[in-house]
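When we follow the working numbering, the leftmost residue of the sequence shown carries the number 96, and every step to the right adds one. The C-beta atom is built at its ideal place from N, Cα and C for all residues, glycine as well. None of the values given here were measured: they were computed from a predicted structure. A short write-up of the structure that comes next.
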Amino acid sequence: MNILTLYSPFIKFFRSRRMRLFQLLMNPQSGQRILDVGGYHWFWSQVEYKNQIVCLNLHLPKLSEPLPPQITYVQGDGRCLPYGNAEYDIVFSNSVIEHLGNYEDQKRFAAEVRRVGKSYWVQTPSRWFLLEPHLITPLIHYLPKAIQKYLLRWCTVWGLITRPRRDQIDKFLAEVRLLTEREMRELFPEARILSEHFLGFKKSFIAVKTEREANNRSDRCGT
């Protein structure tokens, strides 16, 4: 069994609810341009947009069928976006920033989102939610990574289903760094930080800025 198959009912539920909130708060207008940093075309399949949506990724996916006409892919790095200041009406990112490995790269990512987007929407899982969302296992993400390294294979749902090799475990531990609410406020100081709740706990955070013009933008890639 693929772990996404096991998790898909929850993903669909939260994603559908999240996109309804996105539509309500961001209210994308026909003709506005949306940049999805780290996203894929199937994420947008649940909703019908007349906007042009650019999905930017380090590695482009292999496509088995034609893309919807409003979606295009570009190859790029979210830490150094190849666009000018305020070039996109909305910059969108869903469950990406936690995969950058360290706080310095997360700061670069956040700065680029704030620079390129007139408005933005950035979602990420909460570090303080009891269940680690990638491993589908409670509490393990609170342990030191040196201990997690020996537990991921046999003591997590992810490990038992995918049976990862040692290099895959090392890659996961080097890549995933969950954020706290305080860190999200530091990364996106002018944004509202919304919380998604599940069973009374904060499951994830969304940094939302809906103003049309962003202030105090940095130069491209900090140069």
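Check: According to DSSP, is His229 helix, strand or coil?
Finding: Here His229 sits in coil by DSSP.
Checklist line | Which of helix, strand or coil DSSP assigns to Trp216 | finding: In this structure, Trp216 counts as strand in the three-state DSSP scheme.
Check: Ile301 to His236, Cα distance in whole Å?
Finding: Using only the alpha carbons, I get a separation of about 20 Å.
Next item on the list: Put Ala286 into one of helix, strand or coil per three-state DSSP.
Entry: In this structure, DSSP gives Ala286 a state outside helix and strand, which the three-state scheme calls coil.
Check: What did DSSP end up calling Val169 once you bin it into helix, strand or coil?
Finding: Strand, per DSSP.
Note to self: Quick check on the burial criterion: 16 or more other C-beta atoms within 10 angstroms. Buried or exposed for His292?
What the structure shows: Counting Cβ neighbours within 10 Å, His292 comes out exposed, since fewer than 16 surround it.
Next item on the list: Quick one: residues in its chain with C-beta nearer than 6 Å to the C-beta of Leu215, no 5 flanking neighbours on either side, listed in chain order?
Entry: For the sequence presented, residue 215 should be read as Tyr rather than Leu. Here the set comprises Val186, Val208 and Lys304.
Check: Could you give the distance in angstroms between the alpha-carbon of Lys107 and the alpha-carbon of Phe296?
Finding: Computed Cα separation, rounded: 19 Å.
Note to self: By the DSSP assignment, the alpha helix (DSSP H) with Phe71 in it spans what residues?
What the structure shows: Residue 71 is absent from the structure shown; the chain starts at 96 and stops at 318.
Check: Taking just the CA atoms, how far does Gln127 sit from Phe283?
Finding: Answer to the nearest angstrom: the Cα atoms are 22 Å apart.
Next item on the list: Reducing DSSP to helix, strand and coil, say where Lys107 ends up.
Entry: Of the three classes helix, strand and coil, the one that applies to Lys107 here is helix, per DSSP.
Margin query: Using the Cβ count rule (16 or more neighbours within 10 Å means buried), how would you classify Ile166?
Written below: Buried, by the Cβ-count rule.
Check: Expressed to the nearest angstrom, what Euclidean distance is found between the alpha-carbon atoms of Gly196 and Cys175?
Finding: Just so you know, the alpha carbons of Gly196 and Cys175 end up roughly 16 Å apart.
Item checked: DSSP state of His154 mapped onto helix, strand, coil -> His154 falls in the coil class under three-state DSSP.
Next item on the list: Return the bridge partner residues of Val132 from the DSSP annotation.
Entry: In the DSSP output, where bridge partners are listed per residue, Val132 has Leu151.
Note to self: Starting from Ala302, trace the beta strand (DSSP E) in both directions and tell me its first and last residue.
What the structure shows: Counting along the chain, the unbroken beta strand (DSSP E) around Ala302 starts and ends at Phe296 to Lys304.
Check: Counting along the chain, where does the beta strand (DSSP E) carrying Val186 start and finish?
Finding: DSSP places Val186 inside the beta strand (DSSP E), whose first and last residues are Tyr183 to Asn189.
Next item on the list: Could you tell me whether the Cβ atoms of Leu247 and Phe267 are closer together than 8 Å?
Entry: Their beta carbons are under 8 Å apart, which means Leu247 touches Phe267 by this criterion.
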